[in-house]
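Residue numbering for the sequence shown follows UniProt numbering, beginning at 8 and increasing consecutively. Every residue, glycine too, gets a C-beta built ideally from N, C-alpha and C.
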Amino acid sequence: EDAADGHRPRLTVIGTGYLGATHAVCMAELGFEVLGVDVDQSKIERLSAGEIPFYEPDLADLLRANLASGRLRFTTSFEEIAEFGDVHFVCVGTPQRADGYGADLSHLNSAVERLAPLLRRPCLVVGKSTVPAGTAAGIARTLARLAPANHPTGAASATPGAAVLAATGTNGRAQAATPDAAGQGGTVDVDIVRELGGVQLAWNPEFLREGFAVADTLHPDRLVFGVASPAAEGALRSAFAPVIAQGVPVIVTDYATAELVKTAANSFLATKISFINAMAEVCEAVDADVLTLAEALSHDVRIGGNFLRPGVGFGGGCLPKDIRAFQARADELGVGAALRFLREIDGINDRRRDRVVELVAAALDGTLAHRRLLVLGAAFKPNSDDVRDSPALAVADLLTRTGAEVTVVDPVATHNARRALPQVTYSESVDEVAAGADAVVLLTEWRQFAELDPVRLGQLVRRRVVVDARHALDGDRWRQAGWVYLAPGRPTGV
Ligand code: NAD
């Protein structure tokens, strides 16, 4: 609503991985001019050539269309994005630290420290990465200290007074842009951005799901804006005007609440998954059926069926590291007891991986050494090539350690999996690996796996044993085709 056509803020995206590339493409699709930057030159080359460096449905077509329109470009130059942008979205990775549970903020800090000294005119820096509560406040201080636009008189960059001004600035009018700065880079006359006065920070956590990233970005459930001034809120509203116009709810809050919304959401989702997987553990002890249990629970509207699917647990580049970073942060804040349950959530999740190995062993008379296993799936979930903390790869690894001969098939993730877990064998062909296999283990519920014909596959394998760790197969159909069908949390029926 704020940005009339032709007066839209120019956007940049810093860090063009799963989140950043998607955000850049989708914002261009919404009509903005967008410039993406990354420290990984090969990623920038591929994106510039119209190639998505990872698997995400629908994204490649939109990338090519928006490159062709001229609205979307990529660069490795921070100078260029600093010149270009009115609103800079920071989307760099915040992985788990190598030495503990906490988040590794080194990429984030280095991106901000590289960008800030180049920011010579009013603009909004928007953090989208998932970060521990309290991170944004620190980044606001860094921007206040390092961004020349926050020092219009050219005062020394470390002046504490200037830092306070920018961090607490309300409408920024006290810091009207210098005439030369306002005109720099031929930027459009965007009043809403000039209102910022200097460089300000907002936190706008991202909730997209890999595999649905385009739809989630174009039509999010909600937008969360963590801001320190009405001017920052105004600039964010203009950067999301086409999304807000759809009626998407906007929650405007402070930095810390915005940061917490993301980690709280992921903690809740992880809890729901581990809850039903804990029920699966109990079901196994009494030969009950967790699928029926989950279905019955899901009809209770207070519980709901989403994320209540038992299986081999959660993984990926977000949930595991986010719940760990959340615990680490709570410990630092002296409220570790409040999140101690997340340790259990993680523990339940890990045990499901071991359980799948037990099921395979049980089906093969207790011995896994030298058994030939066809593992279906490497990605942490279908419709993604992401193997970060993938339960499928973790189980493949555990199976290999027992001495089994494991070959993994995945429609799109074997390229990443080969690097993450080089000690197992990979193949592109289910049929080739099925020939002579002692068991089939389904670990990622790709549709093409769910649609496998048990009769035809049964003619290829050495033994008709299948462990369906994701409850993706029709157990009755497989049993009718002569298979021993086992699935976690379900009666064995053998
Ligand atoms: P990713 O590893 O795919 O992408 C991160 C990108 O940042 C990489 O391309 C890397 O080269 C780049 N980068 C690193 N340091 C940089 C620097 N100094 N300057 C510029 N670029 C730099 O990670 P991702 O999955 O896109 O996640 C990014 C952030 O978004 C994380 O905080 C993550 O928790 C959050 N997030 C991810 C998802 C998701 O589904 N992947 C969803 C919501 C939130």
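By the neighbour-count criterion, in which 16 or more other beta carbons inside 10 Å mark a residue as buried, Pro212 falls on the buried side. Annotated three-state conformation of Gln207 is strand, per DSSP.
Where Ser434 is concerned, the enclosing beta strand (DSSP E) starts and stops at Thr432 to Ser434. Distances taken from the Cβ of His226 to the heavy atoms of ligand 1 include none shorter than 7 Å. Nearest C-alpha to Val419 among Ile310, Ala427 and Trp453: Trp453. Relative to ligand 1, the beta carbon of Phe232 is positioned no closer than 7 Å to any heavy atom. Scanning its chain for C-beta atoms nearer than 6 Å, with the 5 sequence neighbours on each side dropped, one finds around Gly43 the residues Val20, Thr23, Ala31 and Phe81, in chain order. Nearest neighbour of Val255 by Cα position, chosen from Phe275, Asp228 and Ala265, turns out to be Asp228. Around the beta carbon of Ser136, 16 or more other beta carbons sit within 10 angstroms, so the residue counts as buried. Per DSSP, reduced to three states, the secondary structure at Ala401 is helical.
Residue range Tyr25 to Glu36 is occupied by the alpha helix (DSSP H) that includes Cys33. Closest in alpha carbon position to Gly241, among Arg463, Val257 and Asp223, is Val257. Judged by the Cβ position, Asp45 qualifies as a neighbour of ligand 1 at the 7 Å threshold, a heavy atom of the ligand being closer than this. As computed with DSSP, Tyr492 is found in a beta bridge with Val473. In this structure, the CA atom of Arg309 is about 29 Å from the CA atom of Asp475.
At a threshold of 7 Å, Phe214 counts as near ligand 1, since its beta carbon sits closer than that to one of the ligand's heavy atoms.
For Phe333, the uninterrupted alpha helix (DSSP H) segment begins and ends at Leu326 to Glu339. In the pairwise beta carbon analysis, the stretch 200 to 212 is classified as touching the stretch 142 to 150: at least three pairs are separated by under 8 Å. For Pro249, same chain residues with a beta-carbon under 8 Å away, outside a window of 5 residues either side, are Leu37 and Gly38 in chain order. Per DSSP, Val250 is one residue of the alpha helix (DSSP H) stretching across Ala248 to Ile251. Judged by DSSP in its simplified three-state form, Leu449 adopts strand.
Non-local C-beta neighbours of Leu467 in its own chain, meaning closer than 7 Å and more than five positions away in sequence, comprise Asp438, Ala441 and Ala442, ordered along the chain. Nearest in C-alpha terms to Ser436, of all of Leu215, Thr421 and Arg350, is Thr421. In the DSSP assignment, Leu79 falls within the unbroken beta strand (DSSP E) covering Leu79 to Thr82. Going by C-alpha positions, Leu406 is about 9 Å away from Leu380. Nearest to Arg127 by C-alpha distance, out of Ala271, Thr160, Asn390 and Ser55, is Thr160. Non-local beta-carbon contacts of Ala427 in its own chain, meaning distances under 7 Å to residues more than five positions away in sequence, involve Val394 and Leu400 in chain order.
Inclusion of Tyr25 in the 7 Å shell around ligand 1 follows from its C-beta lying nearer than that to a non-hydrogen atom of the ligand. In this structure, the C-beta of Lys50 approaches ligand 1 to less than 7 Å from one of its heavy atoms. Taking a cut-off of 8 Å for Cβ pairs, the stretch 328 to 347 and the stretch 97 to 105 touch, as three or more such pairs fall below it. The residues Cys33, Glu36, Leu37 and Val250, in chain order, have a CB closer than 8 Å to that of Leu225 in the same chain once the five nearest residues on each side in sequence are set aside.
Distance from the CA atom of Leu70 to the CA atom of Ala265, rounded to whole angstroms, is 29 Å. Residue state for Arg379 is assigned as strand, using DSSP reduced to three classes.
Just so you know, the alpha carbons of Glu288 and Lys279 end up roughly 14 Å apart. Membership of Leu66 in the alpha helix (DSSP H) is indicated by the continuous run Leu66 to Ser76. Per DSSP, Ile59 lies in no beta strand (DSSP E) and is assigned neither H nor E.
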